[in-house]
Amino acid sequence: MKWTYSCRRVAELLSQRLDEPLGLLDEIRLKLHLSMCGNCANVAAQIDAVHAASSDLLSTGLELDEPTSHPPPR
644 MKWTYSCRRV AELLSQRLDE PLGLLDEIRL KLHLSMCGNC ANVAAQIDAV HAASSDLLST
704 GLELDEPTSH PPPR
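Quick note, the numbering used here runs 643 ahead of the 1-based positions in the sequence shown.
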């Protein structure tokens with residue numbers, strides 16, 4: 644049994660954990676991989692930052708379908 648995941652599997656799990664909690668084994672193996680792979684750790688940090696920023700915007704009452712004040716492109 645491999646104790647760490649491939650970068651491809653880690654990318655899938657990073658996306659999945661935004662929608663639902665990961666199981667304990669998946670969470671452990673994900674953290675193990677992130678501790679050893681700087682590229683995946685950077686991607687995880689970027690995903691977390693974007694998720695936090697979008698959550699902050701939504702918590703201020705901004706609606707995603709709200710029309711913008713910018714004129715449409717020509």
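Where is the CB? At the ideal position from N, CA and C, for every residue including glycine.
Roughly how many angstroms lie between the CA atoms of residue i and residue j, to the nearest whole one?
i: A692; j: S658; result: 13 Å
i: H676; j: I690; result: 16 Å
i: D699; j: I671; result: 28 Å
i: K674; j: L701; result: 28 Å
i: T703; j: A654; result: 29 Å
Which word fits residue i, buried or exposed, when buried means at least 16 other C-beta atoms lie within 10 angstroms of its C-beta?
i: H694; result: exposed
i: R651; result: exposed
i: A696; result: exposed
i: L661; result: exposed
Between the options, which has its C-alpha nearest residue i's C-alpha?
i: W646; options: L656, A654, P664, L668; result: L668
i: S649; options: C683, T703, D662; result: C683
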